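J.: The letter at position 326 of the sequence shown is residue 466 when you use the working numbering, and the numbering goes up by one with no holes. C-beta: ideal position from N, C-alpha, C; glycine also. Treat the numbers as computed from the prediction; the structure is a model and nothing was measured.
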Amino acid sequence: MVNPVYILAIESSCDDTAAAVLKNSAVLSNVIAGQKVHEAFGGVVPELASRAHQQNIVPVVHQALNKAGISLENLNAIAFTKGPGLLGSLLVGMSFAKSLSMALNIPLIEVNHMQAHVLAHFIDDDSKTKPDFPFLALTVSGGHTQIVRVNDFFDMTVIGETTDDAVGEAFDKTAKLLGLPYPGGPMIDRLAQTGNPKAFTFTKPKMDEYKFSFSGIKTGIMNFLNNNKAVNPNFIEENLADICASVQHTLIEILMDKLVLAIHDTGIKNVAIGGGVSANSELRKRIGELEQTLGCKTFIPKFEYTTDNAAMIGIVGYHKFLKSDFTDEFVTSKSRYAL
Ligand code: KG4
Ligand code: ZN
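Here's what the structure looks like:
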């Protein structure tokens, strides 16, 4: 068996062009180029995203290789995000990965983006222990909200997910209503620090089992803001921190209610979070508290592995490499791609 294994990983599912180099489970470099072009539109414009990926991909890969001190000849495989995500964006990363693997005559590895958010916990990090199987993973991003039962690296089942919007979308859409720039999650998180989470209450949806719904609450927030603005045109400016804290508190409560239910029902006490919203300070705090309240072992990713990155694609690539789970040049991108 090859050891060490050097993997170049590429992630391009949404609006970040990312490349990383891993030496086995250790990250040698992790480069991300964001795309400013979407700011003026208050959300990601798919066609602009694919064009920006085309411009970014070569310099980003170069930078990842340089930072890692690795040349193309050292690579043992190339891993890329097959889906889910924006089709045009995915195609750029996949085509690049495919061409490079053919040119270098090394294996190509397809990676599911949501599986990567879960398995990011297996990246080497001296300050963190890795989860034992089985564990529950709450994966929360701009496109997904899932509770996943993880039995093994490649044996995972979604036991609950959203029936409409993702929680990240609820953050982003609320931010838009408040006149804050995209993506709104980090901004709401920051403003919420000085606000009162109990200042305003929003009705939580009643959903069966571990299902989530975030579209009703989005409408509720919109009506709440419109009604208050009709009485006081400066309502948002005068109450911004309290609104952010209250919305954030409600969204995190919705996540925690279902997660706690899943912990009780499955008896699984190893609990991990992943995806962009796992950067949220209130969610991180509430997850940490499960250690005391329910005797859980909790796994909270480092900030750089919460939002989209290629290191998480690389760790999945490494574990697939160990199983010789390779793909061929006929592979295609998938905008919808189940776990
Ligand atoms: O995983 P990710 O980078 O991309 C997708 O796969 O969707 O997640 C992006 C989402 C956005 O909705 C963004 O607003 C949210 O993660 N996000 C946050 C925070 N940081 C990023 N939401 C709440 N609090 C944060 N600190
Ligand atoms: Zn993601």
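Give me the Cα-Cα distance between Phe273 and Phe294, rounded to the nearest whole angstrom.
T.: Each residue's alpha carbon lies about 11 Å from the other.
J.: Helix, strand or coil: how does DSSP classify Phe375 here?
T.: If DSSP states are grouped into helix, strand and coil, Phe375 belongs with the helices.
J.: Would the C-beta of Thr314 count as close to the ligand KG4, meaning under 6 Å from any of its heavy atoms?
T.: Checking every heavy atom of the ligand KG4 against the Cβ of Thr314, none is found closer than 6 Å.
J.: Just to confirm the assignment, what range does the alpha helix (DSSP H) spanning Thr303 have?
T.: No alpha helix (DSSP H) holds Thr303; DSSP gives it neither H nor E.
J.: May I ask which residues mark the beginning and end of the beta strand (DSSP E) holding Asp292?
T.: Note, Asp292: beta strand (DSSP E), Thr285 to Asp292.
J.: Can you name the start and end residues of the beta strand (DSSP E) that Gly546 belongs to?
T.: Outside the displayed range of the chain (141 to 479) lies residue 546, so it cannot be described from this structure.
J.: Should Gly428 be counted as a contact of the ligand KG4 given a C-beta to heavy atom distance under 6 Å?
T.: Answer for Gly428: no, Cβ out of range of the ligand KG4.
J.: So who's on the other strand from Ser169, going by DSSP bridges?
T.: Paired residues: Val161.
J.: Please state whether DSSP places Met242 in a helix, a strand or coil.
T.: Met242: helix per DSSP, three-state reduction.
J.: Just to check, is the beta-carbon of Ser229 closer than 6 Å to a non-hydrogen atom of the ligand ZN?
T.: Flag unset: Cβ of Ser229 not near the ligand ZN.
J.: Just reading off the alpha helix (DSSP H) that Val258 is part of, what are its end residues?
T.: It spans His253 to Leu259 - the alpha helix (DSSP H) in which Val258 sits, taken as one unbroken run.
J.: Under 8 Å Cβ to Cβ from Ile357, same chain only, skipping five residues before and after it: list those, please.
T.: Excluding residues within five positions, the ones whose Cβ falls inside 8 Å are Ala310, Phe342, Thr343, Lys344, Pro345, Thr390, Leu391 and Ile394.
J.: Give me the pocket residues for the ligand ZN, defined as CB within less than 6 Å of any heavy atom, sorted by chain position.
T.: Matched residues: His253, His257, Ser281, Gly415, Gly416 and Asp448.
J.: Can you list, in chain order, the residues of its chain with a C-beta nearer than 7 Å to that of Ser473? Leave out the 5 residues immediately preceding and following it.
T.: The residues are Lys222, Gly223, Leu227, Leu230, Leu231 and Met234.
J.: Expressed to the nearest angstrom, what Euclidean distance is found between the alpha-carbon atoms of Thr157 and Asp312?
T.: If I take the Cα positions, the gap works out to 20 Å.
J.: Using a threshold of 6 Å, is the CB atom of Pro323 nearer than that to any non-hydrogen atom of the ligand KG4?
T.: Indeed, a heavy atom of the ligand KG4 lies less than 6 Å from the Cβ.
J.: Below 7 Å between beta carbons: does that hold for Ile210 and Val161?
T.: A contact, by the Cβ cut-off of 7 Å.
J.: Taking only heavy atoms of the ligand KG4 into account, decide whether any of them is closer than 6 Å to the Cβ of Asp329.
T.: Yes, since a heavy atom of the ligand KG4 falls inside the 6 Å radius drawn around the Cβ of Asp329.
J.: Taking buried to mean at least 16 other C-beta atoms within 10 Å of its own C-beta, is Asn449 buried or exposed?
T.: So Asn449 counts as buried.
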